[in-house]
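Numbering (the numbering used here), first residue to last: 241 to 857.
Cβ atoms here follow ideal geometry from the backbone N, Cα and C, with glycine treated the same way.
Predicted, not measured: the structure shown is a model, and the values here were computed from it.
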Ligand code: F6R
């Protein structure tokens, strides 16, 4: 959480580029924003509470000018949301400016120590302490790199830092530990940022930094150092650095709204292409059958993830049971530590995470590794922390997702996991090669189905919007439908701020049905594995709920005389191919929540209190 960026070039003012970078990083947090530049012999900065647009209207960032600068967009951890706590933070002399993504754990003791030495701490943040710590170490060190190494050795926690030091006016110092940081290497321009989209306008040549690395960039050069255990450090040589340099295929368009009002709607409509990329990018990759082999030869299979990624894991679990006859244990990653003591040596953990950074998922991986359990990561972000700590990885290849609410990455996770499930079923001899290939052929058709489902949803949604005059709704499913219902309810809650609750439909009569009264909206997500959900639809209709059955058009439900009072949201047919049903039924809920949010006057790209990557406990 929090996005940082730093840019240095020979002559041009970097402020406009920093602003574009901040727009691309806003998905990481938007509580406050700030920019600092070096101009001549001083560091000038502006910062304030609010998202980028709001703060830009209040403080004119474009009045700042300098060819070297850093910027930050915040998701508050230490200290409330206000102007003072916004980054950058300065030391007492004004010579050092720091932006930070992460959490410094030994914050309290450092604060006491620094205050007792006379430092004037203005904010409630952990970040400001690091600026003062650097100020102290700088006085005792021959170079700023040495001061940085000594200051880093004093802190415990997670960080990516970008630092301006007035006496080195064309350099930006940086450091990374468990928060992402990437160097962009242009010819006469260098940059660092939390994520690739912020760099795409400047260069496609990047270095994904590793934990414990720090150094500086200047317009024509950069140096990377490595912290050593015991507080020392060493400089990486040219050969070590060359091995790290990568070229990325993404274009700046991938990180722009492309004419849409919001990233979320662009990403919803982008799904057919994104899911095609997932399929085409993985189908020939031997990693898929290798992963299937590892999974098939493991003892128990645990699946772990948070939020939307957890819902994709639930889909995987259901499909694995049906096709591969393989039982798996899906566990929300923040709950994993309560059961990880039961891990056995030949168990396997499959960790699903779009960002590859989610703290709880990373912790679950660490618990598994501690117990000798192998880990397979499924992520969308190359070289992310989760990938680095796992034994084996598969990539969804959906391209950057900037909207905070996950949409295209959900269906791309499902695509990849269903491909994997087909390979596992074959590996376990539940499907012969032809049967496996037939499923893969169906999956190849999924992008077209998503397209048709989006078109059908667009027609149905105006009528559905009126149902949400009530503050609450249920979304019920059975079997595979539970996972789709859970994802639908999450989308509605997080961007419309209306309450929506998902439940296994069979469980609804054990309590939740008590809330149902006349016109209470109840969505019934009907999938081909659970025709008995018809009974639950009837129970709800009998209590005068507004029942909306969301189903593939060709799926027949036994609804008898209650049919008339039930509304049907018919999506494209699935031919009872269960693998296709998430692609057919999910888009309705994505589009519905988007349209509801816009109608209610909310910005769906920036839901309150949320950030796309949750790197705190
Ligand atoms: C919901 C959403 C979150 C994420 C969750 C996990 O729309 O985006 O619930 O799914 O924070 O994030 P990743 O997949 O990055 O681990």
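Check whether the Cβ of residue i lies closer than 8 angstroms to any heavy atom of the ligand F6R, and answer yes or no.
i: residue 251; result: no
i: residue 649; result: yes
i: residue 645; result: yes
i: residue 574; result: no
i: residue 730; result: yes
i: residue 741; result: no
i: residue 596; result: yes
i: residue 826; result: no
i: residue 858; result: Past the boundaries of the shown model lies residue 858; the chain is included only from 241 to 857, so the question cannot be answered.
i: residue 623; result: no
i: residue 548; result: yes
i: residue 852; result: yes
i: residue 593; result: yes
i: residue 837; result: no
i: residue 545; result: yes
i: residue 398; result: no
i: residue 601; result: yes
Count the other CB atoms within 10 Å of the CB of residue i; is the residue buried (16 or more) or exposed (fewer)?
i: residue 533; result: exposed
i: residue 331; result: buried
i: residue 580; result: buried
i: residue 713; result: buried
i: residue 428; result: exposed
i: residue 483; result: exposed
i: residue 362; result: exposed
i: residue 820; result: buried
i: residue 794; result: exposed
i: residue 378; result: buried
i: residue 368; result: buried
i: residue 567; result: exposed
i: residue 718; result: buried
i: residue 511; result: buried
i: residue 400; result: buried
i: residue 830; result: buried
i: residue 298; result: exposed
Going by the beta-carbon positions, is the gap between residue i and residue j smaller than 9 angstroms?
i: residue 506; j: residue 644; result: no
i: residue 807; j: residue 788; result: yes
i: residue 397; j: residue 342; result: yes
i: residue 696; j: residue 828; result: yes
i: residue 541; j: residue 569; result: yes
i: residue 595; j: residue 633; result: no
i: residue 590; j: residue 528; result: no
i: residue 646; j: residue 315; result: no
i: residue 425; j: residue 485; result: yes
i: residue 539; j: residue 584; result: yes
i: residue 786; j: residue 766; result: no
i: residue 537; j: residue 242; result: no
i: residue 190; j: residue 274; result: This structure does not reach residue 190, given that the chain is present from 241 up to 857, and the question cannot be answered.
i: residue 780; j: residue 716; result: yes
i: residue 597; j: residue 621; result: yes
i: residue 276; j: residue 337; result: yes
i: residue 809; j: residue 700; result: yes
i: residue 735; j: residue 599; result: no
i: residue 261; j: residue 404; result: no
i: residue 834; j: residue 504; result: yes
I'd like to confirm the pairing. Which residues does DSSP put opposite residue i in its beta bridges?
i: residue 431; result: 247, 424
i: residue 463; result: 456
i: residue 473; result: 467
i: residue 301; result: Looking at the DSSP assignment, residue 301 forms no beta bridge with any residue, so it has no partner.
i: residue 781; result: Residue 781 is not bridged to any residue.
i: residue 282; result: 279
i: residue 418; result: 399
i: residue 839; result: Answer is none; residue 839 lacks a bridge partner.
i: residue 545; result: 572
Please check if any C-beta of chain B sits within less than 9 angstroms of the C-beta of residue i.
i: residue 447; result: Protein chains in the displayed structure number just one, and chain B is not present.
query = Are the region 400–420 and the region 302–310 touching, with three or more C-beta to C-beta distances below 8 angstroms?
reply = yes
ask   = Three or more C-beta pairs closer than 8 angstroms, one from the region 536–555 and one from the region 721–730: is that the case here?
value = yes
ask   = Is the region 646–665 in contact with the region 775–789, if contact means three or more CB pairs nearer than 8 angstroms?
value = Under the 8 angstroms Cβ criterion, the region 646–665 does not count as touching the region 775–789, having fewer than three qualifying pairs.
request  = Take every Cβ of the region 561–581, pair it with every Cβ of the region 751–763, and state whether three or more of those distances are shorter than 8 angstroms.
outcome  = no
inquiry  = Below 8 angstroms, how does it come out for the region 733–742 and the region 680–693: are there three or more Cβ pairs, yes or no?
reply    = no
message = Does the contact criterion of 3 or more C-beta pairs under 8 angstroms hold for the region 316–328 versus the region 355–374?
response = yes
query = Can you find at least 3 beta carbon pairs, one from the region 456–472 and one from the region 271–280, that sit closer than 8 angstroms?
reply = no
query = Counting pairs of Cβ atoms below 8 angstroms between the region 492–504 and the region 665–684, do you hit three or more?
reply = no
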